[in-house]
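Peer 1: For reference, the structure I am asking about is given below.
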Amino acid sequence: MTSMKTKFLAILALLFATACAPIHVTAQQPVSFATVQAKVMNAVTAAQATPSGASATSCTPPVAANTACQVPSVGQGFHTVTWTTTGSSGFVRLRLEGSGDGSTWFPISADSTVAISNTIAGGSVYAFGYFAAIRVNLLTFTSGGGATLTANYSGSSGFGPLQGVFNAGQQITNIAWSQSPLPNNTVTEVVLNTSFANTYGQLVYQVSGETAGSSISVSSTDVAGNFVTIAVTPSLTGSAGGTINLPPFATSLIAVDFTSPSGAGNATVSAAIVFSAPPVSSGYSATPVTTDTAFMLKSVQESFLHSITVNKAGVTSTIAVWTGATVVASNCSGGTLIGTIDTTALRQVFFDISGTGVCIQTTGGTPADITITYR
2 MTSMKTKFLA ILALLFATAC APIHVTAQQP VSFATVQAKV MNAVTAAQAT PSGASATSCT
62 PPVAANTACQ VPSVGQGFHT VTWTTTGSSG FVRLRLEGSG DGSTWFPISA DSTVAISNTI
122 AGGSVYAFGY FAAIRVNLLT FTSGGGATLT ANYSGSSGFG PLQGVFNAGQ QITNIAWSQS
182 PLPNNTVTEV VLNTSFANTY GQLVYQVSGE TAGSSISVSS TDVAGNFVTI AVTPSLTGSA
242 GGTINLPPFA TSLIAVDFTS PSGAGNATVS AAIVFSAPPV SSGYSATPVT TDTAFMLKSV
302 QESFLHSITV NKAGVTSTIA VWTGATVVAS NCSGGTLIGT IDTTALRQVF FDISGTGVCI
362 QTTGGTPADI TITYR
């Protein structure tokens, strides 16, 4: 009995000692998003990209003037760049780029494009995604007044806008030409990202200083990746300005070309594309024509002729547009003539008509280079 009582008391003592033993709790460390800010370009005076790699200049402040440094990496997925300039005139085109290996780069943001017309100008771009390396690429920076550009980067591992969200600030995309004024006897091209993955919108332009005809044309990529002209301004001489409509074509890239012939003056050119959400019925086809021929849109069903663009003038050549169920596809005969176009000057003519048997015939002299948009 005494032995059992002794064992019982020993068990109680053991339980009491266990209950009173100190409890060790490992404190959880607070979790926070990783963020980083850096001045990645300080008062630079020329187009350049921020460096990358083990030997690249770090962004440890203070960053020296006219210096670009490496974008720091802490595993961030949301990226923002804001930039400002000082100076009186010039052009800026800047974007964010990503890389998987630090040597092959691709755009991850819209292009920020601005024509500097005030003492201070600025802009911003953003991107979302995780990449092995990030850089800021100042593709174009020209100045007629000693301008400098400073860019600041901010990154966060938190969630940013969903990929593909439209950046409203890029709906109006200024064309950043490589220099100003633009020299004669040249073709100066700028390739841009479209805002809605579509060309739909307007080109707004102003040209001065021309003593001979020049033009601005807009091209879209086709399914093979080739640029096809979809709009062109009338011949520009002296001081001229205006707008041209851009038909809707699904594409992520658009090219804008300023063509100045031999003997023209050195032109000062300002231009911008105002992108708009494409109509539900977007999707015109585009066909280039460079010979005297007859082109039938659709012979046995209704078609829609949107526009005809004269990209390169012909000599004493014309375009005739016919329509009707009895039109002969080989020569556009047998229908009703609804209009003719003189192709000896650059122009874009909008029809926006539908019907069965819409046929376009080019004849006479040296043929023009034209583009027919339809569906």
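The number in the numbering used here is simply the position in the sequence shown, starting from 1, with 1 added. Note that CB positions come from ideal geometry on N, CA and C, so glycine has one too.
Report yes if the C-beta distance between Val137 and Leu97 is below 8 Å; otherwise report no.
Peer 2: Against a cut-off of 8 Å, the Cβ pair of Leu97 and Val137 comes out as a contact.
Peer 1: Using the Cα positions of Gln77 and Lys313, report the straight-line distance between them to the nearest angstrom.
Peer 2: Their backbone Cα atoms lie some 49 Å apart in a straight line.
Peer 1: Give the range of the beta strand (DSSP E) segment to which Gly340 is assigned.
Peer 2: Where Gly340 is concerned, the enclosing beta strand (DSSP E) stretches over Thr337 to Asp343.
Peer 1: Which residue spans inside the segment 78 to 113 form an unbroken beta strand (DSSP E) run of at least 3?
Peer 2: Here the runs fully enclosed are 79 to 87, 91 to 100 and 106 to 108.
Peer 1: Could you tell me how far apart the beta carbons of Ile245 and Thr200 are, in whole angstroms, since I believe they sit closer than 8 Å?
Peer 2: Not quite, the Cβ-Cβ distance comes to about 12 Å (not below 8 Å), so this is no contact.
Peer 1: Nearest to Gly54 by alpha carbon, out of Gly103, Val37 and Thr85?
Peer 2: When each option's Cα is compared against that of Gly54, the closest is Gly103.
Peer 1: Leaving aside the five residues before and after Val366 along the sequence, list all residues of the same chain whose C-beta is less than 7 Å from its C-beta, in chain order.
Peer 2: At residue 366 the sequence reads Gly, which differs from the Val that was named. Correct list, in chain order: Gly315, Val316, Thr317 and Ser318.
Peer 1: Count the C-beta pairs between the segment 321 to 336 and the segment 354 to 363 that are closer than 8 Å, then say yes if the count reaches three, no if not.
Peer 2: Enough Cβ pairs lie closer than 8 Å, so yes.
Peer 1: Could you compute how far the alpha carbon of Ser331 sits from the alpha carbon of Met297?
Peer 2: Approximately 8 Å between the Cα atoms of the pair.
Peer 1: Please report the distance separating the alpha-carbon of Thr58 from that of Ala44.
Peer 2: Whole-angstrom Cα-Cα distance: 16 Å.
Peer 1: Are the CB atoms of Ala241 and Thr374 nearer to each other than 8 Å?
Peer 2: No; because the gap between Cβ atoms is not below 8 Å, this pair is not in contact.
Peer 1: Could you give the first and the last residue of the continuous beta strand (DSSP E) run that contains Asp293?
Peer 2: Neither: Asp293 is in no beta strand (DSSP E) and is coded neither H nor E.
Peer 1: Is Thr51 closer than 8 Å to Val41 when the C-beta atoms are compared?
Peer 2: Closer than 8 Å, so yes.
Peer 1: Tell me the rounded alpha-carbon separation between Gln49 and Leu140.
Peer 2: Cα to Cα, the separation comes out at about 6 Å.
Peer 1: If we ignore side chains and look at the alpha-carbon of each, how far apart do Gln207 and Asn153 end up?
Peer 2: Computed Cα separation, rounded: 32 Å.
Peer 1: Ends of the beta strand (DSSP E) at Thr269?
Peer 2: Per DSSP, Thr269 belongs to the beta strand (DSSP E) from Thr269 to Phe276.
Peer 1: For Ser355, collect the residues of the same chain with a Cβ closer than 8 Å to its Cβ; drop the 5 residues on either side in sequence, then sort them by chain order.
Peer 2: Once the five neighbours on either side are set aside, the close Cβ partners of Ser355 are Glu303, Ser304, Phe305 and Leu306.
Peer 1: Where Thr252 and Ala47 are concerned, what is the direct C-alpha to C-alpha distance, given to the nearest angstrom?
Peer 2: Whole-angstrom Cα-Cα distance: 30 Å.
Peer 1: Could you tell me whether any non-hydrogen atom of the ligand PLP is closer than 7 Å to the CB of Pro184?
Peer 2: In terms of ligand content, the structure shown is empty, and the ligand PLP therefore cannot be addressed.
Peer 1: Taking only the alpha-carbon atoms, compute the straight-line gap between Pro289 and Lys299 and give it to the nearest angstrom.
Peer 2: Pro289 and Lys299: Cα-Cα distance of roughly 16 Å.
Peer 1: Tell me the residue span of the beta strand (DSSP E) that contains Lys40.
Peer 2: Thr36 to Val45 is the extent of the beta strand (DSSP E) around Lys40.
Peer 1: Going by C-alpha to C-alpha distance, which of Phe228, Val191 and Thr234 sits closest to Ile217?
Peer 2: Nearest option by C-alpha distance: Thr234.
Peer 1: Could you work out which residue in Pro108, Pro262 and Leu204 is closest to Ile135 when comparing CA atoms only?
Peer 2: Minimum Cα distance to Ile135 is reached at Pro108.
Peer 1: Using only alpha-carbon positions, find the residue among Ser56, Thr86, Pro73 and Val75 that is nearest to Asn67.
Peer 2: It is Thr86.
Peer 1: Indicate the three-state DSSP secondary structure (helix, strand or coil) for Ser125 in the structure shown.
Peer 2: Of the three classes helix, strand and coil, the one that applies to Ser125 here is strand, per DSSP.
Peer 1: Which residues bound the beta strand (DSSP E) around Asp223?
Peer 2: Neither: Asp223 is in no beta strand (DSSP E) and is coded neither H nor E.
Peer 1: So, at 7 Å on beta carbons, what are the nonlocal neighbours of Thr291 in its own chain, with the 5 sequence-adjacent residues on each side left out?
Peer 2: Within the same chain, Thr291 has close Cβ partners Pro368 and Asp370.
Peer 1: From this set, Thr364, Cys70 and Arg376, which residue's C-alpha is nearest Ala1's C-alpha?
Peer 2: With the chain running from 2 to 376 in the structure shown, residue 1 is simply not present.
Peer 1: In whole angstroms, give me the CA-to-CA distance for Asp223 and Leu254.
Peer 2: The alpha-carbon atoms of Asp223 and Leu254 are separated by roughly 10 Å.
Peer 1: Using a threshold of 8 Å, state whether the C-beta atoms of Asp262 and Gly214 are closer than that.
Peer 2: The sequence shown places Pro at residue 262, rather than the Asp named in the question. Yes. Within cutoff.
Peer 1: Is there a Cβ from chain C that is less than 8 Å from the Cβ of Thr372?
Peer 2: Absent here is chain C; the protein component of the structure consists of one chain.
Peer 1: Report yes if the C-beta distance between Val191 and Val275 is below 8 Å; otherwise report no.
Peer 2: For Val191 and Val275, no; Cβs fall outside 8 Å.
Peer 1: Take the Cβ of Ser56 as the centre, count every other Cβ of all protein chains shown within 10 Å, and call the residue buried at 16 or more, exposed below.
Peer 2: By the 10 Å Cβ count, Ser56 comes out exposed.
Peer 1: Work out the CA separation of Ser220 and Thr372 for me, nearest whole Å.
Peer 2: Their Cα atoms are separated by approximately 11 Å.
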